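Written below as structure tokens is the structure these notes are about.
Number of protein chains: 2
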Amino acid sequence: MTLAPSALRPLATDDIRPLADSVYERLVGGIVDGSLPPGGKLSERSIAAALGTSAQPVREALRRLEGEGLVETRPRSGSSVALMDTRRLAEMGRIRAVLEGAAADLAARHATPEDLQRLEQRLDAMRDATEYGDTATLRLANEAFHTALHAIGDNPFLIRGLQALRAYDHIGRARVLASDDQPRQALAEHAAILAAIAARDPEAAERQMRAHTFRSLSVAFPEETRG
Amino acid sequence: MTLAPSALRPLATDDIRPLADSVYERLVGGIVDGSLPPGGKLSERSIAAALGTSAQPVREALRRLEGEGLVETRPRSGSSVALMDTRRLAEMGRIRAVLEGAAADLAARHATPEDLQRLEQRLDAMRDATEYGDTATLRLANEAFHTALHAIGDNPFLIRGLQALRAYDHIGRARVLASDDQPRQALAEHAAILAAIAARDPEAAERQMRAHTFRSLSVAFPEETRG
DNA sequence: CATTCAAAACTGCAATAGCAGATGCCCGGC
DNA sequence: GCCGGGCATCTGCTATTGCAGTTTTGAATG
């Protein structure tokens, strides 16, 4: 731990959620934006001091990150940010694709009319952002679409897993500084996914979602996604 | 917390691993074997007292279980064993199928000759147990095969996720008290998976593994796996 | 200058204590 | 007999403290 990265400035305490959650988000942010570099040591005490908390919430956050593969811990030695080459990033993208597919499958099985309406709204937001060429809000709208879709499945394992995998996506895109991801094609794919869900066709929903996620991945990692 | 279930007898302390890991395994065992019934309250203090530890390791174990969906926590109220109907169990089985498929894909890409040899050994063990009709060791050998396959991918997210999902499989099989799962067919499917991995065919490996896991699931949940 | 070994500094890890919020119980009123 | 409010209890949650194992450092020795 050299000088305190910006991800480790003190934490606002006026929160009702467990501190470990805030610490977790801070650490994820630092790992994603690179201020906590791969291989860098993550000392419970140092982080706690920098964030103005005690060691325990930090410890819980590190455990969670360890379970998600973003942090590696040697039993009595310490934790460090996991080293990730493009192969690992592409791997995580593949896993994300299959989990997104599973989420779409579940959504097609269980979506209520309200759920479908919400997805329509998100899709409209994406369409607007695409027409205006507003890539920042397009990205947010895209994430909102996926998040809403995950919520339909109402499966805690899927929701948490996909949230964790999103970090890898951010890392990958930041590292290869991609890339518009062909917004119009992505829009069309989202529409097709939604249509499959509305048609209560789990098999098609999964297939479309998986292909969409994988194609989006292949924009960032053309090398590792051949075949 | 009424009377202490057998899963909550005191913990042996002569361990070098973090206590939270031991607590986690105990709680998983209790949830799987039903001694910690669905909906039952899980008080940090009570569990800690019963296990002879402090509250902190228990808390970490509960957080992990929460991330895996086995436990539900209301922010300042408390944790309880998640309620799981057959639909949820079948859902988790579907997710397990796609993750097992992803693991097989990775294995086909990265397996070393030593890895293939280890898988061969596990498969032989399964073959022996099948011929002798020894269902107990067959089950262990089956798990050993899958565990070895997961390890090949060397992906912490997959390894941890699949380990967590195994609990759901145990719960499901215990609840429907299935079922020999047609050992010979399972054996043939494992052999086909191994062949695909050895042939470096990720697509086939994933497809075979997914079909295998799903078919195995459909034995326990014929209702929820139609279509 | 390189090596080694011991001590100091640091680390994960667990236990204890205390606080604030949530739960449940009991008692008084309708 | 049923309902509601206040108090006791219990809960999650965080901080503080202390211990044991690890890593690093630095000096003495070859």
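Protein sequence lines correspond, in order, to chains A and B. Going from the first sequence to this note's numbering is simple: count from 1 and add 244. Going from the second sequence to this note's numbering is simple: count from 1 and add 244. Note that the Cβ used here is the ideal one computed from N, Cα and C, for glycine as well. Note that this is a predicted model, so its numbers are computed, not measured.
query, result
"Which bits of chain B does residue 342(A) rub up against, with CB to CB less than 8 Å?", "342, 343, 345, 346"
"My guess is that residue 433(B) and residue 414(B) are in contact by the Cβ rule of under 8 Å, so how many angstroms apart are they, rounded?", "Not a contact, Cβ separation roughly 20 Å."
"Go through its chain and collect everything with a Cβ distance to residue 448(B)'s Cβ below 6 Å, but skip five positions before and after it.", "440"
"Have a look at residue 371(B) and residue 468(B) and give me their C-alpha separation to the nearest angstrom.", "30 Å"
"From the beta carbon of residue 337(B), is the nearest beta carbon of chain A less than 8 Å away?", "no"
"Chain B beta carbons: is any one of them nearer than 8 Å to that of residue 304(A)?", "yes"
"Does residue 472(B) come within less than 8 Å of chain A when only Cβ atoms are used?", "Shown here, chain B extends from 245 to 471; a query on residue 472(B) therefore has no answer."
"If you follow the alpha helix (DSSP H) that residue 290(A) is in, where does it begin and where does it stop?", "288 to 295"
"Whole angstroms are fine: how far does the CA of residue 296(A) sit from the CA of residue 245(A)?", "Here residue 245(A) scores only 41 on pLDDT, less than 50, and its place in the model should not be relied on; the value that follows carries that caveat. Using only the alpha carbons, I get a separation of about 16 Å."
"Exposed or buried, residue 396(A), counting other C-beta atoms within 10 Å across all chains shown (16 or more means buried)?", "buried"
"Count the C-beta pairs between the region 280 to 293 of chain A and the region 317 to 336 of chain A that are closer than 8 Å, then say yes if the count reaches three, no if not.", "yes"
"Going by the DSSP bridge assignment, what does residue 322(A) pair with across the sheet?", "318(A)"
"If we cut at 8 Å on Cβ distances, does residue 245(A) have a partner in chain B?", "With a pLDDT of 41 at residue 245(A), under the threshold of 50, the modelled position of this residue cannot be trusted, and the question is left open."
"Tell me the start and end of each unbroken alpha helix (DSSP H) in the region 360 to 421 of chain B that is at least 4 residues and wholly inside, in chain order.", "379 to 397, 400 to 419"
"Indicate whether residue 326(B) and residue 311(B) have their beta-carbon atoms separated by less than 8 Å.", "no"
"At what residues does the alpha helix (DSSP H) containing residue 458(B) begin and finish?", "446 to 464"
"Is it buried or exposed for residue 329(A), if we count other Cβ within 10 angstroms and need 16 for buried?", "exposed"
"For the region 331 to 351 of chain B against the region 383 to 394 of chain B, do three or more pairs of beta-carbon atoms, one drawn from each stretch, fall closer than 8 Å, so that the two count as touching?", "yes"
"Run down chain B in chain order and give the residues with a C-beta less than 9 Å from the C-beta of residue 465(A).", "Near residue 465(A) there are no residues of chain B at all, since even the closest Cβ is about 14 Å away, more than 9 Å."
"Hey, how far is the Cα of residue 364(B) from the Cα of residue 438(B)?", "8 Å"
"At a CB distance below 8 Å, what residues from the region 393 to 411 of chain B approach chain A? Give them in sequence order.", "397, 399, 400, 401, 402, 404, 405, 408, 409"
"Roughly how many angstroms separate the alpha carbons of residue 299(A) and residue 341(A), rounded to a whole number?", "35 Å"
"Just the Cα atoms here: how many angstroms apart are residue 412(A) and residue 375(A)?", "28 Å"
"Suppose the cutoff is 6 Å on Cβ atoms and the five residues either side in sequence are ignored; what does the same chain contact list for residue 436(B) look like?", "452"
"Name the residues in the region 257 to 268 of chain B whose C-beta lies less than 8 Å from a C-beta of chain A; which are they?", "260, 261, 262, 264"
"Spell out whether any CB of chain B is found under 8 Å from the CB atom of residue 426(A).", "no"
"Please name the residue in 334(A), 406(A), 429(A) whose C-alpha comes closest to that of residue 367(A).", "429(A)"
"For my contact list, residue 307(B) and residue 358(A) are in at a C-beta cut-off of 8 Å; report their separation, rounded to the angstrom.", "Not a contact, Cβ separation roughly 31 Å."
"In or out: residue 460(B) buried (at least 16 other Cβ within 10 Å) or exposed?", "buried"
"Consider the Cβ of residue 273(A): report whether some Cβ of chain B lies at a distance smaller than 8 Å.", "no"
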